[in-house]
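Reading through the structure tokens given below for one structure.
Protein chains: 2
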Amino acid sequence: MSRASEHAYAAIRAHVLSGSVAAGEQLTEDQLAQITGVSRTPVREAVRRLEDELLLVRSDTKRLFVADWSRDDIEEMFVLRQMLECHAAERAAKRLSREQIAALEALNRDLTAAVEQSPPDVARFLEANRAFHEAIIDAAHSPRLGQLLARLVEAPVVLRTARIYSQSDLRQSARDHDELVAAFAARDSDWARAVMGSHLRRAFHTFARAVGPKADEPANDRDGSEP
Amino acid sequence: MSRASEHAYAAIRAHVLSGSVAAGEQLTEDQLAQITGVSRTPVREAVRRLEDELLLVRSDTKRLFVADWSRDDIEEMFVLRQMLECHAAERAAKRLSREQIAALEALNRDLTAAVEQSPPDVARFLEANRAFHEAIIDAAHSPRLGQLLARLVEAPVVLRTARIYSQSDLRQSARDHDELVAAFAARDSDWARAVMGSHLRRAFHTFARAVGPKADEPANDRDGSEP
DNA sequence: CGAGCGCGATTTGTATACAATAACCACACA
DNA sequence: TGTGTGGTTATTGTATACAAATCGCGCTCG
């Protein structure tokens, strides 16, 4: 979108993801307009996108809140992402050119380097990881699929989980990517699908372990907070 | 959304689906505002939704056009819909209450009645069909899944395909639904998934047969037109 | 003859004022 | 005490005016 609207989107998104507003807290369009420095019109446009991505939600009477993700919500998204991204891997295996596979290798070399630093460069890891998955989705050549996945991948994962990965988690991710590249090089779509499946499912469990046990309540961090 | 915005959405959608504008034709927000009788503000909101549903598209320079679906686009959507809705059927099989199964049966009785009229009441069929599938998706209890499917199911299917179904197609649909209900009653999620898969894949082929052979170009009705 | 260039007309993007709706609060009444 | 009811404030929804971008077209200049 255009300047003001795009800026508002990025600013609001950053504002929410930074954690400076609690989950479940109310926001108003005026507030956001002041924060972002643009008028309510582009703010409304940005908010609509963020609602789409489920970062913001509206009450039944149109009031605006920061979304409050339960563990079940997260699991649901991982399941859907796994389903769609396995499909993407399968299609990509049939379509990736030699050059594209080489590009994936390069991306994963970068990712691996980020992991093997001490301490690991998590930001660089996340960026390389994002690029790697995006390249696969692009190669699947299914615009609708890309669009659906965008909504699932964007919001919840990067959310506040950036720093829950141990180095061994990161290393395993890098190895998964290596195996994916091998599957692609072999043009084995079944293999690619299977690797992608376990890759994402493991990511879910890593996440789940950090979030807490299964029987828990919805992520209820709105009462007690930082003293 | 609220009154004006919702009205604009419905009116524009109907306007496009009615076929009174050709695929690929340009629209302007002013035009749509006049047609719908509201100002550009709610029109823009409605247009965003329709872009989301891929009924409208914007050029690289933000100009607005009626989307032009190729056969590949349609197949892609059917594939994705099948993947997601099979998942929904599987989950629904584990969750549907006795009452909900009875409600599905009732819906399908209505659908069958519509089919067995002569001539078949296609509008009533479509409505019952929509309600049937929606009930299953709801029962899957996966809000994200529902949201993703909404975008896939809404746009392309009803599009301009309402009247390509033969009575035998419709009868087969009714039988599929019966079998789905049976699978649900048996709480057999594998069965439900399988039936849903063949149900949707057959729908695709019915559609594809009507649209034309595989090697075709994108639906290219924009050059030669009315003299 | 064709490629680039300017300029009026069209179209989209943004700000702002106002209208409609929902939440909040205080107070009366049972 | 608690429950409903009025008015007041906060918040979202819509219209409108204007700004910015884009297009179409005729023109010039090579």
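As you go down the protein sequences, you meet chains A and B in turn.
According to this note's numbering, the first sequence is numbered sequentially starting from 2.
According to this note's numbering, the second sequence is numbered sequentially starting from 2.
Cβ coordinates follow ideal geometry from the N, Cα and C atoms, glycine included.
Exercise for the section: Just the C-alpha distance for valine 67 of chain A and aspartate 61 of chain A, rounded to the nearest angstrom, thanks. Expected result: The residue labelled residue 67 of chain A in the question sits at position 66 within the first sequence. The residue labelled residue 61 of chain A in the question sits at position 60 within the first sequence. Distance between the alpha carbons of valine 67 of chain A and aspartate 61 of chain A: 14 angstroms.
Problem - Member of A:Glu155, A:Gly198, A:Arg92 whose CA lies at the smallest distance from the CA of alanine 11 of chain A - result: For the purposes of this step, residue 11 of chain A is identified with residue 10 of the first sequence, where counting begins at 1. Out of A:Glu155, A:Gly198, A:Arg92, A:Glu155 has the C-alpha closest to the C-alpha of alanine 11 of chain A.
Exercise for the section: Thinking alanine 136 of chain A and leucine 105 of chain A are a contact (beta carbons under 8 angstroms), I'd like their distance in whole angstroms, please. Expected result: The residue given as residue 136 of chain A occupies position 135 in the first sequence. The residue given as residue 105 of chain A occupies position 104 in the first sequence. Contact holds; Cβ gap of about 6 angstroms.
Handout entry: Residue environment, alanine 124 of chain A, which counts as buried when at least 16 other CB atoms sit within 10 Å
Key = The residue labelled residue 124 of chain A in the question sits at position 123 within the first sequence. The residue is exposed, with fewer than 16 neighbouring Cβ atoms inside 10 Å.
Problem - Beta-ladder partner(s) of arginine 59 of chain A, from DSSP - result: As a working mapping, residue 59 of chain A is identified with position 58 in the first sequence. Per DSSP, the beta bridge partners of arginine 59 of chain A are A:Leu65.
Practice task
Give the secondary structure of leucine 127 of chain B by DSSP, where H, G and I count as helix, E and B as strand, and everything else as coil.
Solution key: Taking the first residue of the second sequence as 1, we reach residue 127 of chain B at position 126. Helix.
Handout entry: Beta-carbon separation (whole angstroms), histidine 142 of chain B vs arginine 96 of chain B, contact threshold 8 angstroms
Key = The count along the second sequence starts at 1 and reaches residue 142 of chain B at position 141. The count along the second sequence starts at 1 and reaches residue 96 of chain B at position 95. Correct: roughly 6 angstroms between the Cβ atoms.
Practice task
Spell out a yes or no on whether the segment 71-88 of chain B and the segment 79-90 of chain A are touching, meaning 3 or more CB-CB pairs, one atom from each, closer than 8 angstroms.
Solution key: Touching, yes, given that three or more Cβ pairs across the two stretches are closer than 8 angstroms.
Exercise for the section: Give me whichever residues DSSP pairs with glutamine 27 of chain B in a beta bridge. Expected result: For the purposes of this step, residue 27 of chain B is taken as residue 26 along the second sequence, with counting starting at 1. DSSP, once it has assigned bridges, lists B:Phe66 as partnering glutamine 27 of chain B.
Practice task
From the DSSP output, in three-state form, read off glutamine 118 of chain B for me.
Solution key: By 1-based counting over the second sequence, the position of residue 118 of chain B is 117. Looking at glutamine 118 of chain B - three-state DSSP - the assignment turns out to be coil, as it is neither helix nor strand.
Practice task
State yes or no: is the C-beta of leucine 181 of chain A within less than 8 angstroms of the C-beta of phenylalanine 79 of chain A?
Solution key: Taking the first residue of the first sequence as 1, we reach residue 181 of chain A at position 180. Taking the first residue of the first sequence as 1, we reach residue 79 of chain A at position 78. Contact: no.
Practice task
Return the Cβ separation of arginine 188 of chain A and alanine 93 of chain A in integer angstroms, given the expectation that the two are a contact with Cβ distance under 8 angstroms.
Solution key: The count along the first sequence starts at 1 and reaches residue 188 of chain A at position 187. The count along the first sequence starts at 1 and reaches residue 93 of chain A at position 92. Contact between arginine 188 of chain A and alanine 93 of chain A does not hold, since their C-beta atoms are separated by about 10 angstroms, which reaches or exceeds 8 angstroms.
Exercise for the section: Please check if any C-beta of chain A sits within less than 8 angstroms of the C-beta of serine 71 of chain B. Expected result: Within the second sequence, the letter at position 70 stands for residue 71 of chain B. No, because no Cβ of chain A sits closer than 8 angstroms to the Cβ of serine 71 of chain B.
Handout entry: Inter-residue Cα distance where the pair is tryptophan 70 of chain B and glutamate 77 of chain B
Key = In the second sequence, the residue the question calls residue 70 of chain B occupies position 69. In the second sequence, the residue the question calls residue 77 of chain B occupies position 76. Cα to Cα, the separation comes out at about 11 angstroms.
Exercise for the section: Report yes or no: is there a C-beta of chain B within less than 8 angstroms of the C-beta of proline 228 of chain A? Expected result: Sequence index remark: in the first sequence, residue 228 of chain A carries index 227 (1-based). With a pLDDT of only 32 at proline 228 of chain A, under 50, the local geometry of the prediction cannot be trusted, and no value is derived from it.
Practice task
To the nearest angstrom, report how far apart alanine 90 of chain A and serine 98 of chain A are at their CA atoms.
Solution key: One-based indexing of the first sequence puts residue 90 of chain A at position 89. One-based indexing of the first sequence puts residue 98 of chain A at position 97. A straight-line Cα-Cα distance of about 14 angstroms links alanine 90 of chain A and serine 98 of chain A.
Practice task
Check distances from the C-beta atoms of the segment 64-95 of chain B to those of chain A and list, in chain order, the residues that come in under 7 angstroms.
Solution key: Correct list: Glu77, Met78, Leu81, Met84, His88.
Exercise for the section: Within the segment 157-202 of chain A, note down every full alpha helix (DSSP H) run reaching 4 residues or more, in order along the chain. Expected result: Entirely contained in the segment 157-202 of chain A, the alpha helix (DSSP H) runs reaching 4 residues are, in chain order, 168-186.
Problem - chain A residues whose Cβ lies nearer than 9 angstroms to that of leucine 149 of chain B - result: Taking the first residue of the second sequence as 1, we reach residue 149 of chain B at position 148. Going along chain A in sequence order, the residues near leucine 149 of chain B (Cβ under 9 angstroms) are Leu81, Leu85, Leu149, Arg152, Leu153.
Exercise for the section: Classify alanine 23 of chain B as buried or exposed, calling it buried when 16 or more other Cβ atoms lie within 10 Å of its own Cβ. Expected result: As a working mapping, residue 23 of chain B is identified with position 22 in the second sequence. Alanine 23 of chain B comes out exposed.
Practice task
Check aspartate 217 of chain A in the structure and name its three-state DSSP category.
Solution key: As a position in the first sequence, residue 217 of chain A is number 216, starting the count at 1. Reliability fails at aspartate 217 of chain A, whose pLDDT of 42 lies under 50, so the model's placement of it is uncertain and no value is given.
Problem - Contact belief for valine 48 of chain A with glutamate 30 of chain A at Cβ below 8 angstroms, rounded distance in angstroms - result: The residue you call residue 48 of chain A lines up with position 47 of the first sequence. The residue you call residue 30 of chain A lines up with position 29 of the first sequence. With 8 angstroms as the limit, valine 48 of chain A and glutamate 30 of chain A qualify as a contact, their Cβ atoms being about 7 angstroms apart.
Practice task
Step through the CB atoms of chain A and report whether any lies within less than 8 angstroms of the CB of serine 40 of chain B.
Solution key: In the second sequence, the residue the question calls residue 40 of chain B occupies position 39. No - not a single Cβ of chain A is within 8 angstroms of the one on serine 40 of chain B.
Practice task
Spell out a yes or no on whether the segment 202-209 of chain B and the segment 102-117 of chain B are touching, meaning 3 or more CB-CB pairs, one atom from each, closer than 8 angstroms.
Solution key: no
Exercise for the section: Out of B:Phe185, B:Arg210, B:Arg194, state which residue places its alpha-carbon closest to the alpha-carbon of glutamate 100 of chain B. Expected result: Along the second sequence, one-based indexing puts residue 100 of chain B at 99. Minimum Cα distance to glutamate 100 of chain B is reached at B:Phe185.
Handout entry: Distance, alanine 211 of chain A Cα to glutamate 54 of chain B Cα
Key = For the purposes of this step, residue 54 of chain B is taken as residue 53 along the second sequence, with counting starting at 1. For the purposes of this step, residue 211 of chain A is taken as residue 210 along the first sequence, with counting starting at 1. Roughly 36 angstroms between the two C-alpha positions.
Exercise for the section: Indicate the three-state DSSP secondary structure (helix, strand or coil) for histidine 88 of chain A in the structure shown. Expected result: As a working note, residue 88 of chain A is residue 87 in the first sequence. It is helical.
Problem - Given proline 120 of chain A as reference, the closest of A:His16, A:Gln168, A:Val196 once Cα atoms are compared - result: As a first step, residue 120 of chain A must be located in the first sequence, where it is residue number 119. When only C-alpha atoms are compared, the closest one is A:Gln168.
Problem - Close beta carbons around alanine 15 of chain A, own chain, < 6 angstroms, minus the five adjacent residues each side - result: Counted from its first residue, the first sequence places residue 15 of chain A at position 14. For alanine 15 of chain A, there are no CB contacts under 6 angstroms within the same chain when 5 residues up- and downstream are skipped.
Problem - Positions along the segment 128-146 of chain B whose CB lies within less than 7 angstroms of some CB in chain A - result: Listed by position along the chain: Ser143, Arg145, Leu146.
Practice task
Identify which residue in B:Leu81, B:Gly198, B:Ser21 has its Cα closest to the Cα of leucine 146 of chain B.
Solution key: Along the second sequence, one-based indexing puts residue 146 of chain B at 145. Looking at the Cα atoms, B:Leu81 is the closest of the given residues.
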